[in-house]
Every structure is written in structure tokens, then in C-alpha cells.
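Residue numbers (the working numbering): 3 to 475. Everything on this sheet refers to the single structure shown next.
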Amino acid sequence: MEAEKRLKEYKNVTKDEMTIVSAIRNRLVNEIGPDKFDVWFDRSVTWNLTGSTLYLYAPNSFSAERLKRIYQPKLRDILSYLSHSHLELSFQVASEQPAVQQHRDSTGQATLPQAEKISLAPATQSIATHRPTAGLLNLVIGQSNHIAVSAAKSMLDRPGTISPLFVHGPSGSGKSHLLQAIWNKFRSRVKAGRAVYLTAEQFTTHFLESLQGNGLPNFRRKHRDVDVLIIDDIEFFVGKQATMIEFHYTVDTLLRSGKQLIFSAKISPTEIHGLGSDLVARMASGLVCGVEAPDFGMRLEIAHQYCQHLGITVDSGVINMLVERVYPDARHIQGAINRVSVLQQLTGELLSYEDADRQLADLFNRPQRNIRISDIEKAVCEVFGVDRKQLKSTAKAKSISQPRMLAMWLARKYTRAAYSEIGDYFGKRAHNTVISAQQRVTDWIETESLVTIPHGQCRVTDALRRCEAQFGT
């Protein structure tokens, strides 16, 4: 009877339940990162929401127990965070998954209703899964990554001539997105299976698994009989001696064959201590280029692009708030938009600026110490060479009005003061004046406008960084 009850519930999965599972998975990706998500929750793991229980079906009992031991606490936290703490978690073996009655199409072939199975990822013939947004056409390009993107395009025209290509930069700077975009482009040009993308952690896992039986020859065929090998997060290899030796021989084999190698890490190869001088020399022998965290304009485009990918509409003021105030990298911005999406699904209406300011406060990149408006005022005066009385005066000269508006923008970013409080502090101005100043500064940031400082001019973003440095962010 219990099995029949579960089967009946399973067959009636609603669109709302699919949305709940999607929100849970998106939050998990945001917390542990897409690479670790791919390792632990690859396409062999199925998610099903049946009634008040979320089932995770793993291919075998070992995998199910391991997922439960490592990720059950985090998943419970996510359920609570998304207001779904009433849901139970169950980690099962796939063979225990209830069989779903098949529907038949007009040809008589058995088909499954779309909502009956919530698959983790699209089918792929490569070793690693990939995010659907990874493509060179929708890659946001700016000052922080244009050299790496140009190198990638040049390499795509003549594979093997720039090998290895090594891309390094901080988390959230777009390294993985760029590598996956390159991988997708290669796969469209060569036969399936010849271009392999995986993380260093996946390479290590597959290698160790191959040692338990007679799988080493097959492992080497998969990773050496390729035209393109792309490995993300190279620094993961440090301290794993056997894996490093295998990786070293793999690199040598592919370089001798004129194949294309692409690597990434948070730091340049010469800064990764523990890989060995020979391996570092090989990784640095092609082209090493850095990427940086995206600037404001890039973050804004990333936010709009991600909203389009999710198929949601978000108020432009809310998007600007997220881009300005959430930690400045793509993953945090996408995580914030996921939160907005869930909140809008729950309420059935667009999230207002005021509600977003309250509901997303924990995501905002606020400094650890308590910064006062007076601290910001002092920093702005120091950078722009004006005194406090001038900032609070009625003077409209650009040399005074620009730093005043920047001070208001910074006060809104780093304090919890209301518009009216900020306006009152800076010469008893109306709250509308502060709102206008915030929008003006946002426009300056987007257009990379110049502002005047005592010894010349600089970009507004540079001026803001100097002010932030003054009060220790």
C-alpha cells in the first residue's frame, strides 16, 4: 500500500514542486560551487519531490550513504532557508525508485510525462556535465577578461598552436564559464568524445577509481586519446603525489602529440607551490593570462543575462541594487537572483526595491566593522580635498557636488541609514535628492565617467576604491 501511495503521489508531481526542487538545487550550487556539485550530484543522481519528501536516488548504496553523510545537514539548512523545512529528506538507491506507468505516444512508443522525473542535467557524451549558459556568444567581455577571451578565440582558430592555455583569476571571475564555453565550441567542431572537460577533483576521483580494478588503461584512453583536454582548478592536485605523476605523464603525452591543453587555477602556475618545477614549467610553456573580478558594467550585463536565462523579470532598481551591493562576482550575483526568483514565485509578484532591501540584506557585501556616515564623509573629504562644511553646503560647483553625491552613494551602500537620514546629514536635503544622487553615481559607474580629484582626474570607480580604502573595506 505504501508503494502504491508513493507511486500515485509521484505521478502527480506539479510544476510548483519542480520549481521547489530547482530552487533547492540552485541554492546548493551557489553554496558549494558548480564544480563540486558536478562531482557529487552528477547525472546519475535523480531528484524527486513526492508529497512532503524529497528523494535523492543514487546509483548504489555506497553513493547514497556518502551523499547522506556529507550533504544531509547542508540540504536541511537549505530547506530551512527556502522556507521548506517541513520537507523530509530521503537518500535511496536508484533501483528502489518506484516505477512510473509509461504513457504512449501516437507511434506506440513508451514515453514519460515531462514532470514525472526531474533529471539533474542534460545528457552529454563528455565526462563532465555543463551549464547551458556556457558559450562564447553569451560570454560577457570587458576589461577584466578580454585578453583571455581573445586568446581563446585565437586558439579555436588554430588548435594546438597555443598549448597549454592557462587562465588564472579569483573565484567568480568567470574562469570556469570561459573554459566550458571553449569546450562547447570544440565539441561542435570535432567528433563527440574527443574534447574532454573536467575539474582536477574529477580527474583525481576517476584516477583513484581506476586503480581499484583493471580500469587504468581505460582511464588513460579517455584522457590521452583526445584532441582537447580542459582541466579546471589545477591547484587541487597539490599534495596528491600519485595523481600528479599521472597528470604529468598525461600532459607530456598530449603535448608531444600537438594536442590542445587548457588549464585554470586561482593563481598563476608559478605561484602554485607543491606541483613540482617540471610540471609548472610545462603548464607555463604556452600562454598564461589572468582574469579579474568583473567590473560594474559586466556585472550588470551578467545579471540581466542570468534573469533572461531563468526566464524571469526583475525590477531594474532591484538588479542595480544587487550589482552594487552583493559581493562583486558572478556567482554571488546569480545566487542573489535565485533568491529573488524564489521570493517572486512565493508572492506571485515582482519584488519591490524596498522589499529587496529588507529580504536580501544578509547577501549584501557589508564590511565587518560598523561604518558610520561620518567615516564616509571623512574619507571622501580626504580623497577629493574638500572639507566637511563644503559637503553640507548648498554649493553646486562640480568640485563639491560630485564628492557629495559619491558620499551619499557610499553611505547608502555601507550603512543602514535611510534616505532621509543621509539627506539630513548632508545639509538637510530631501530624501529624493539622495535617491537622485544614487542613480547619478550608478550611471557614472556604468559609463566609467571621470571625476576630478586634487591632482587631476580619475575614473569614478577608482575614486570610490580610494574612499573605501580610507575607511578600511
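Just so you know, even glycine gets a beta-carbon here, dropped at the ideal spot from N, CA and C.
Around the beta carbon of Arg301, 16 or more other beta carbons lie within 10 angstroms, which makes this residue buried. Nearest neighbour of Ser287 by Cα position, chosen from Leu167, Arg68, Gln472, turns out to be Leu167. By the 16-neighbour rule on beta-carbons within 10 angstroms, Arg258 is exposed. Taking the Cβ atoms as the reference, Ile236 lies roughly 5 Å from Phe265, within the contact range of under 8 Å. Burial state of Ala471 is exposed, judged by a 10 Å Cβ sphere holding fewer than 16 other Cβ atoms.
When C-beta atoms of the segment 394-408 are compared with those of the segment 440-456, three or more pairs fall below 8 Å, so the two segments count as touching. Counting along the chain, the unbroken beta strand (DSSP E) around Ala267 starts and ends at 262-267. Assigned with DSSP and collapsed to three states, Leu231 falls in strand. In this structure, DSSP gives Ile402 a helical state, which the three-state scheme calls helix. As a beta-bridge residue in DSSP terms, Ile455 pairs with Gly458. Here the segment 55-65 does not lie against the segment 30-40, with fewer than 3 beta-carbon pairs under 8 Å apart. Beyond the five residues adjoining it in sequence on each side, Leu84 comes within less than 7 Å, by CB distance, of Ala25, Ile26, Arg29, Val344 in the same chain, given in chain order. DSSP places Ala295 in the coil class of the three-state scheme, outside both helix and strand. Put simply, the backbone Cα of His334 is about 7 Å away from that of Val328.
Between Val436 and Ile447, the gap from beta carbon to beta carbon reaches 8 Å or more. Counting along the chain, the unbroken alpha helix (DSSP H) around Gln392 starts and ends at 390-393. For Thr52, the enclosing beta strand (DSSP E) has its first and last residue at 48-52.
Between Thr21 and Gln347 a beta carbon distance of about 6 Å is seen, short of the 8 Å cut, so the two are scored as contacting. Counting only runs of at least 3 residues, the segment 275-322 fully encloses the following beta strand (DSSP E) elements, listed from N- to C-terminal order: 289-292. Residue nearest to Cys291 within the set Ala267, Ile314, Cys309 is Ala267 (criterion: CA-CA distance).
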